[in-house]
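Under my numbering, the residue at position 79 of the sequence shown is numbered 454, and the numbers go up by one with no gaps. Just so it is clear, CB atoms sit at the ideal spot from N, CA and C, and this is done for glycine as well. Nothing here was measured: the structure is a model prediction, and the numbers come from that model. One structure is given here, and the rest of the page talks about it.
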Amino acid sequence: MLELFSMDFMQNALMASVLVAVACGIMGTFVVVNRLTSLAGGVAHASFGGVGLAALLGFSPMLGSLGFALACALLMGILTWRDRKNSDTFIGIIWAGGMALGVILTDLTPGYSGEMMSFLFGSLLTVPTDLLYWMSGLLILTLVAVVSHFRKFLAISYDPEFARVQGLPVLAYYMVLIALIALTVVIAVQAVGMILVIALLTIPGYIAEAYSKSLVQMMVVSVCVSLALVLAGLLLACQFNLIVGPTIIACGVLIYALHFAVKKLRKA
């Protein structure tokens with residue numbers, strides 16, 4: 376096992392794991408607090424349309440995924456903000472439409488259909504160095520935005536009506552928050568894929584919420600839980616020759632089940 380850490384692909388995987396854990400730990404708290412789980416899942420699946428477009432036109436799948444994720448996230452944000460009653464319908468349509476478009480476009484691209492698995496379930500062990508630069512850049516952009524506008528995000532997350540009375544452009548910051556979630560989805564897809572990314576975004580946040588008294592504390596706990604999940608899943612997958620993405624999520628589900636059991640025992 377120790378010999379693996381001397382290999383370039385494993386070092387890249389570890390670096391990618393840290394980037395994914397930090398991104399999901401921080402933005403996952405906003406997903407949990409604002410109850411945006413459905414929207415984040417819709418963005419993740421709809422972004423596959425960008426992968427299919429990139430395959431067909433011959434440019435970077437990362438760029439295609441990023442562009443589609445941002446576009447779909449902002450569209451979902453506007454539609455759900457104006458009509459919250461039908462928000463699930465809007466999200467479901469965009470979710471299914473983006474996924475269907477991606478499948479059709481990849482099917483039209485000769486020799487590309489076999490690579491769909493890496494986008495659907497992650498490819499942490501095959502992350503190249505240039506992709507690490509992309510992931511690092513997106514994470515830095517996300518961190519700068521969160522730190523510089525933290526109080527605004529805090530206000531619209533817990534008391535949007537009071538924030539509106541204070542003159543804060545709530546819709547504008549809500550859209551920025553959704554865009555940052557879309558960036559996080561693109562980062563996390565490299566580890567666990569589009570189908571499973573929603574679990575990595577929400578499980579650490581839900582666990583952290585039970586043991587935190589402030590949003591900052593919740594972020595710290597969420598990052599630690601996320602890092603533990605990603606690293607544990609990576610090491611177990613290497614040890615037992617498993618697919619990394621599903622192994623990470625299986626670890627997350629197990630930890631959440633233990634957390635849920637402990638919480639019930641405490642209440643009892």
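In chain order, I531, P535, A538 and R539 place their CB closer than 6 Å to the CB of V545, counting only its own chain and leaving out the 5 sequence neighbours on each side. In this structure, the straight-line span from the alpha carbon of A446 to that of A643 is close to 47 Å. Straight-line measurement puts the Cα of M492 at about 15 Å from the Cα of G425.
Nearest in C-alpha terms to L629, of all of S422, A607 and F615, is A607.
In this structure, the CA atom of T481 is about 30 Å from the CA atom of M550. The three-state secondary structure of I618, taken from DSSP, is coil. With contacts defined by Cβ atoms closer than 8 Å, L506 and K527 do not form a contacting pair.
Comparing alpha-carbon positions, the option among I466, G627, M510 and C399 lying closest to V598 turns out to be C399. Less than 8 Å separates the beta-carbon of H420 from that of G473.
Burial state of S392 is buried, judged by a 10 Å Cβ sphere holding 16 or more other Cβ atoms.
Residues of the same chain with a CB within less than 7 Å of the CB of L394, apart from the 5 flanking positions on each side, are M510, S511, L514 and I562 in chain order. Cβ atoms of P579 and L604 come within 8 Å of each other, at about 7 Å. The C-beta of A636 has fewer than 16 other C-beta atoms within 10 Å across all chains shown, which makes the residue exposed. One thing to note: F465 has its Cβ within 8 Å of the Cβ of L454. Within the stretch 462-540, the complete alpha helix (DSSP H) segments at least 4 residues long are 462-483, 491-496, 504-523, 525-533 and 535-540, listed from N- to C-terminus.
Taking C-alpha positions only, Y548 is separated from V519 by approximately 14 Å.
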